[in-house]
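Step one of this worksheet: look at the structure below.
Here's what the structure looks like:
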């Protein structure tokens, strides 16, 4: 709630308590885990790095608690019918299979329709009513759409094992509107590498070209597991589920089923 509003006062009002009580609870929790979760600013408050790491877990715990209470009370939501879901390619290649297995196993009456694309394209499809929900790599904050934080994935710059990046002429990425591409272009510009961006449509195609010694790529680090490639840290990718209000029950059930992949790969 505080991360969403950017204000302890506003969060306290929404929770039906007072600012001093909420501040005290925050202080107690920070003391118990030995980390500072919020940075106080002249106007408002924001998450620290530790707070950003904790946020997806806290939101999953909240969703699972609500789901457990619903189950205990015997009022399972009626989840059936079509559910048009979009997902960025890196999610489809990593966390989505296990997540959908859990989600559809719990809600077999849902008729899932899945399409992949880049974040901005999928967000535009949500705006147009062509999708009910989408797993994307940025919180677009569009009016009329809700969002839930899913994950904080480490990114890596992948390069051939026997070539230095400055000796290569290509950088491989998805189409414009992809957050990984944005990070790659910024890195190429910052390092002043003389590379052209080559667009490809799948994770395997990108890794195949990098493994063949043709260039570099920026992708979630977990996707490089088992591949003979050099990799270096390249920031993080924040994964969100955004959805239309009428898809709230299905979207929250999907978020509760979200199955992260170990980030230490």
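In the working numbering, the protein residues as written are 3 to 267. Idealized CB from N, CA, C, for every residue including glycine.
The beta carbons of residue 133 and residue 203 sit no closer together than 8 Å. Annotation: the stretch 139 to 186 contains no complete segment of the alpha helix (DSSP H) (minimum length 4 residues). Residue 38 is a Cβ neighbour of residue 50, given a cutoff of 8 Å. In this structure, the beta-carbon distance from residue 223 to residue 158 falls below 8 Å.
Taking a contact as a CB-CB distance under 8 Å, the pair residue 236 and residue 189 counts as one, their CB atoms being some 6 Å apart. In this model, residue 160 and residue 259 are separated by some 30 Å (Cα to Cα). The stretch 179 to 199 makes no contact with the stretch 242 to 262: fewer than 3 CB pairs, one atom from each, lie closer than 8 Å. For residue 250, the uninterrupted alpha helix (DSSP H) run begins and ends at 250 to 258, by DSSP.
With a 10 Å radius around the Cβ and a threshold of 16 neighbouring Cβ atoms, residue 208 comes out buried.
Under the three-state reduction of DSSP, residue 39 is assigned to coil, being neither helix nor strand. Taking 8 Å as the cut-off, the beta carbon of residue 195 is found closer than this to the beta carbon of residue 168. The C-beta distance from residue 113 to residue 156 rounds to 34 Å, too long to fall under 8 Å, and the pair is not in contact.
Contact between the stretch 101 to 112 and the stretch 51 to 61 is absent: fewer than 3 CB-CB pairs across the two stretches fall below 8 Å.
With a cutoff of 8 Å on beta-carbon distance, residue 241 and residue 152 are scored as near each other.
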